[in-house]
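Single-structure report; data block below.
Protein chains in written order, with our numbering: chain A, 1 to 945; chain B, 946 to 1437.
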């Protein structure tokens, strides 16, 4: 049987021929059938009947052949399966229609209605099947690829115009030669690069550059200048589409005018232009500051521009949001905190017509909170974090100190860029990248990381693709990327394509050479030059990029999206260029730019309504700010503000390093290695001398993971079981002159080995104002064996005890409260806290790479973290305790306060009723905790409206 | 469990939990310039994957590929020591394991072994870097965050039971050394946190992650959710903005509520197991991880990893006392793994569950790295062993190691590939690299080899550039292969 398979295969291939019978016959039959409606044109009837019967038979045959084609040729995939089932269904329906018709003719039905219904359904199904079949043959984008605006398609109009221009002239000018060649190269780019580029050299042919085109492929030269008919390339593109040798093999045959252009180009000597081919659209480098539209109703420059835009796009102005909405939005955007109820009330009462501007000024002047809010944005953008890969071997460096200071003093943006690109010790972490031990891929060497990160973060251009091969998404080439990366290298880099060395050295260059020369002897000099070239006002790209990012931060969507692809078309280029120019004129003042945006009516519009997510992705029309969700940090800080401090410790302490205490615990060893401590009790001792002077004050700070009892000179002084809490004790009464003993019984909980540690500090102030500090450090001793009762006594012999181990701070961070100074209700701002699972779930990125758009998806894992996460629930539980102490058992007061503080408003009567019913007359911790939860989860709370 | 049944169960469970299309993501306003490329589905031989991760570098010559046994005696030369355990037979004729792995040996007639896995050459050896490479198929660093294999699977296939997260990682804590490097690959990367691992460091506490918060009764949990819904309905203040944003937030909360309130959460409860079963598995956290993996696999888990846990210089990472420590490691894994295979086999789940045991690389007494690409020694090893502490495999060897597989369509009793019997004990037949391992897993699950995702404008494939072919021999479909292909693999 095997030997007859070819016959079946051959038959199968007739499928694509035969399918046209049912399509033609049944569609025409339906058309005629419609013509006979209401009893007209009865002469058509006989023809219709024949078409239906033949159509049904041919549908069945076509379906069978289709089945053969699938079986004997190599067809598979979802599309094929769908086509198959629909095809079978169509055939069956066609037969049913035919049977219905026959029954009708035999008089089993009183009219044609049933049969007509069958026919309509058949034709609909047939059309879908036919469309799927066509998609299989021609490709799924066969139809859509010619839609206007599809950038993948080679711009036909330009080619046609050129063709006409050249056809009508006898001689060809140099300028025309340039144009012709670039046009031909564009045709190559769109149709041939897929296989014949430096990245993928099929038949050893490269059509991407002059060298490749004239060198030809494995079968020799492909272009004979002046002689199209002798040029292999021309021959191959003009073969019949069915020919095995035809080019392009994949995809579509070239269009006639494309072939004509190539012919013309070869005829005219196959001239090669020096100009670079820009296949992809590229934004112009320089800014063009537009004149502001008249728009007499509008005062603010942004509003004037938007007014013109609205007019063009037929959008009406809405009235600006109310005071309550505005103040919340402004607070969140500038300082990342919720306005307190009193501030809202006061702001609403204020009758000053300029109060909104005044508020914006006040917020921008709140340096401390502004810095701690915007730090997160910059950390994301500059790939700066307190923990992450690389730190373990010194292969990575923070720039937090520099960044914090820069924000604090509102450093001008050009200077920030200069200091990032040409860094001092404090800012070098950015271009240093992340270095892993071992051998890394050439495209990930730190010099290349510097090029990629500067490209992405500062210039909105993707250098990543072009660090491996010529980019598929922009005009950037491998050589340009290596030239750029070489600026940061000790010596010029060798080009690598997909990690394979090419034996070709890079030429140092900046991505936009028109801005200036960056070549120099040393790195230092090159970086200096680069920093100067980059910040030139002519480099509109740099300023557009940051302007666009700030717009997105405050308005929810960029003027260009994605914000890292600044060659994409902005929805309003005038607005972008005006703002960027204004930013430059302000002296590169970031706060000026923010104020410019925030004082506009545009910023103060109500959040816009869009049907679905896609509406803000493509074909976007600006109608107002986009509803945003609080960031992980903003949510955490808001909870800290209202309920209870969420985090106790920071990873970066802007106030300096604080006290010299370390987290100490018993040293535990397994197989000669230090390991995490096992659960259980450990005993610690420290002796010290008190000077023979009068003590005016003696204070202790202590915090232990997991729990402790503290003894001083045999007196039990305190105990605690919360490492996030710092116990502050006055211990002067327990001290004596001469030798003293501190003893701590510590306990590590849990079922498996886990971090544990004592953090302790004692400050003794003497009458002569001299101070003595005793800290937890390696002078302490410990044991894991339960000692006898005397162990807290000075006379106990601890010679057998071992020196403790310093467990560092990475597991705990720096406790904000671990300070002898007074605390003013301050909490650890989330932006300063080390990455934490809770914030991670809420979308704070791990900054292993530049992260410029946060994942704002509401995910199940995130909802789980909010619903049953131990961390969040503990915060709420402890917070409930605090609230009950603060507000007594006044349910009404609690309910009102909660809504005022979370949502900035009183609960409505109805809401109050629901809340009070849940809380009861005598509020308990549990009920209050649940009310907290229900309120904090509300969209009204989580969104910045 | 046949595929039909799984599907039906799946639909039934979906209905009972009335979840929207399982745990697919609910986009709010995201501009991550990424989108999924479309590829056709192919037929599958497995629905579930259990990865048994031997963290820290398991020496093949001491475990599943024993060589000549040289017993300890004072003064033995290091270079003579190939294996520190005698060989023991397995259920497969001609296949020997190392002493202490008899139970696993007894179930080898239900599975296959690859003896020729070659780790990548990444220069100076760092465990977490190789582990990153093993789990993501990409060498760190990368210009975008590469997803873990479990995240790819979660993204492509979703949960097969909506109550069980599709990517569960057990056994590894992140408070140990190199924690940040471990976190870097326990991640869904650019696929988004939705597909990230559901972490269960201690399997005996697994239940806590899928039930209402500790100390909260079901009644209270329900009342709390009801209160939230009521308040959300009354809160009419947000008349602006887009409805889809608010709705997606509320939908995710509803999903989580239903999941946590589902009676099926008891799958995570190990106390449901009869005492003797529990005791058989309980050799420690790893053993209990196997027990939980069994329960998950029987109830619609998708990708489950159980790690012996990486902690620098502990577990398989033997920088000294290699022999004595391996006795303990074998006790930890032998019984539970064998029981897992047996239990899934008896219940019929093994047919559609692919179990894989692997490690980032192997170890050797002499060679650090691999022949031709030796790297700086990290462990001092005397030429002559005077102290038993130096008896064992203490250096990192990347040229040959073993991977065990059971179920999910894998040929039974197959031995694929081979390493040399003399040092260096490199892969000398049918060498296998990580791309192939990943493609083999994807093949079993019916995921197309060119599955990809477009991120920052470029396609990112499950394996670099979509390279690597599934090892069809494992599925009983040997491929004709030229010598050149071997060479290609060896060169890569």
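Backbone N, C-alpha and C define an ideal beta-carbon position, used for all residues, glycine too.
Quick caveat: nothing in here was measured; it's all calculated off a predicted structure.
Would you please state the rounded distance, in angstroms, between the beta carbons of residue 860(A) and residue 1197(B)? I believe it to be under 8 Å. 6 Å between Cβ atoms; contact.
Inter-stretch contact (C-beta, 8 Å, three-pair minimum) for the segment 901 to 916 of chain A and the segment 875 to 883 of chain A: No contact exists between the segment 901 to 916 of chain A and the segment 875 to 883 of chain A.
Near residue 58(A), what residues of its chain come up, given a Cβ to Cβ distance below 7 Å and the 5 sequence neighbours on each side ignored? Taking C-beta separations shorter than 7 Å and ignoring five residues to either side along the sequence, the partners of residue 58(A) in its chain run 18, 21, 22, 25, following chain order.
With DSSP as the reference, please indicate the residues paired to residue 1341(B) in a beta bridge. BP columns for residue 1341(B) point to 1308(B).
Strand pairing of residue 650(A), partner residues [DSSP]: According to DSSP, which records beta bridges pairwise, residue 650(A) is partnered with 814(A).
With a cut-off of 8 Å on the beta carbons, I'd call residue 1019(B) and residue 1331(B) a contact; round off their distance for me. 6 Å between Cβ atoms; contact.
Please return the same chain residues whose Cβ sits closer than 6 Å to the Cβ of residue 531(A), not counting the five positions on each side in sequence. Correct list, in chain order: 418, 421, 422.
Between the C-alpha atoms of residue 770(A) and residue 870(A), what's the straight-line distance to the nearest angstrom? Cα to Cα, residue 770(A) sits roughly 45 Å from residue 870(A).
Considering Cα atoms alone, identify which of 192(A), 204(A), 267(A), 239(A) is closest to residue 228(A). With respect to the C-alpha of residue 228(A), the residue from 192(A), 204(A), 267(A), 239(A) having the closest C-alpha is 267(A).
Return the residues of the segment 421 to 442 of chain A that lie within a Cβ-Cβ distance of less than 9 Å from chain B, sorted by chain order. Here the close residues are 433, 434, 435, 436, 437, 438, 439, 440, 441.
Just verifying my parser: in three-state terms, what is the DSSP assignment at residue 744(A)? For residue 744(A), the three-state secondary structure derived from DSSP is strand.
Give the range of the beta strand (DSSP E) segment to which residue 1299(B) is assigned. For residue 1299(B), the uninterrupted beta strand (DSSP E) segment begins and ends at 1298 to 1303.
Simplified DSSP assignment, three categories, for residue 67(A): For residue 67(A), the three-state secondary structure derived from DSSP is helix.
For chain A, is any of its Cβ atoms less than 8 Å away from the one on residue 1306(B)? Residue-level contact check: residue 1306(B) does not touch chain A, since none of the beta carbons of chain A fall below 8 Å from its beta carbon.
Check whether chain B comes within 8 Å of residue 151(A), counting only Cβ atoms and requiring the distance to be less than that. Interpretation of residue 151(A) is limited by its pLDDT of 42, a score under 50 that renders its predicted location unreliable; the figure taken from the coordinates is listed afterwards. Residue contact with chain B for residue 151(A): absent (no Cβ-Cβ distance below 8 Å to any residue of chain B).
Is the beta carbon of residue 1006(B) sitting closer than 8 Å to the one on residue 989(B)? Their beta carbons are not under 8 Å apart, which means residue 1006(B) does not touch residue 989(B) by this criterion.
Does the beta-carbon of residue 1216(B) have 16 or more other beta-carbons within 10 angstroms, so that it is buried, or is it exposed? Exposed.
Contact under 8 Å by Cβ, residue 1333(B) with residue 1323(B): Remark: C-beta atoms of residue 1333(B) and residue 1323(B) do not approach each other more closely than 8 Å.
Which of the three DSSP states is assigned to residue 255(A) in this structure? It is coil, neither helix nor strand.
Looking only at its chain, what residues have a beta carbon closer than 7 Å to the beta carbon of residue 595(A), apart from the 5 residues adjacent to it on each side? Counting only residues of its own chain and dropping the five nearest sequence neighbours on each side, residue 595(A) has a CB closer than 7 Å to the CB of 360, 364.
Interface positions of the segment 676 to 695 of chain A facing chain B (Cβ-Cβ less than 9 Å), listed along the chain: So the list reads 676, given in the order they occur along the chain.
Per-residue burial, residue 149(A) [other beta carbons within 10 Å of its own, 16 or more giving buried]: Because residue 149(A) sits at a pLDDT of 44, beneath the cut-off of 50, its placement in the model cannot be relied upon, and the following sentence gives the value as read from the coordinates. Per the 10 Å Cβ criterion, exposed.
Proximity test, Cβ basis, 8 Å: residue 1422(B) and chain A: So, not an interface residue.
So residue 550(A) packs on residue 597(A), CB below 8 Å; how close in whole Å? Going by Cβ atoms, the distance from residue 550(A) to residue 597(A) rounds to 7 Å, so yes, they are a contact pair.
Using a Cβ-Cβ cut-off of 7 Å (strictly less than) and excluding sequence neighbours within five positions of residue 1374(B), which residues of its own chain qualify? 1061, 1362, 1363, listed in sequence order.
Got a sec, what are the start and stop residues for the alpha helix (DSSP H) residue 596(A) sits in? Per DSSP, the continuous alpha helix (DSSP H) segment holding residue 596(A) begins and ends at 590 to 598.
Length-filtered (3 minimum) beta strand (DSSP E) runs lying within the segment 491 to 576 of chain A: Within the segment 491 to 576 of chain A, the complete beta strand (DSSP E) runs of at least 3 residues are 494 to 497, 500 to 505.
With the cut-off set at 8 Å, would you say residue 1176(B) and residue 481(A) are in Cβ contact? In this structure, the beta-carbon distance from residue 1176(B) to residue 481(A) does not fall below 8 Å.
Can you give me the C-alpha to C-alpha distance between residue 672(A) and residue 756(A), rounded to a whole angstrom? Computed Cα separation, rounded: 20 Å.
Could you work out which residues of chain B lie near residue 671(A), taking near to mean beta carbons separated by less than 8 Å? Within chain B, 1258, 1259, 1265, 1266, 1270 have C-beta atoms less than 8 Å from the C-beta of residue 671(A), given in sequence order.
Answer yes or no: do residue 630(A) and residue 942(A) have a C-beta to C-beta separation smaller than 8 Å? Annotated as proximal: residue 630(A) and residue 942(A), with beta-carbon spacing under 8 Å.
Tell me where the beta strand (DSSP E) around residue 1004(A) begins and ends. The displayed coordinates of chain A run from 1 to 945. Any statement about residue 1004(A) would go beyond what the structure contains.
With three or more C-beta pairs closer than 8 Å as the rule, is the segment 499 to 508 of chain A touching the segment 536 to 556 of chain A? No: fewer than three Cβ pairs fall under 8 Å.
Since residue 681(A) is in the beta strand (DSSP E), which residue starts that stretch and which ends it? Counting along the chain, the beta strand (DSSP E) containing residue 681(A) begins and ends at 680 to 690.
Could you name the residues that DSSP lists as bridge partners for residue 674(A)? Residue 674(A) is bridged by DSSP to 669(A).
For chain A, check one thing: does any of its Cβ atoms lie closer than 8 Å to the Cβ of residue 1179(B)? Closer than 8 Å to some Cβ of chain A, the Cβ of residue 1179(B) qualifies, so yes.
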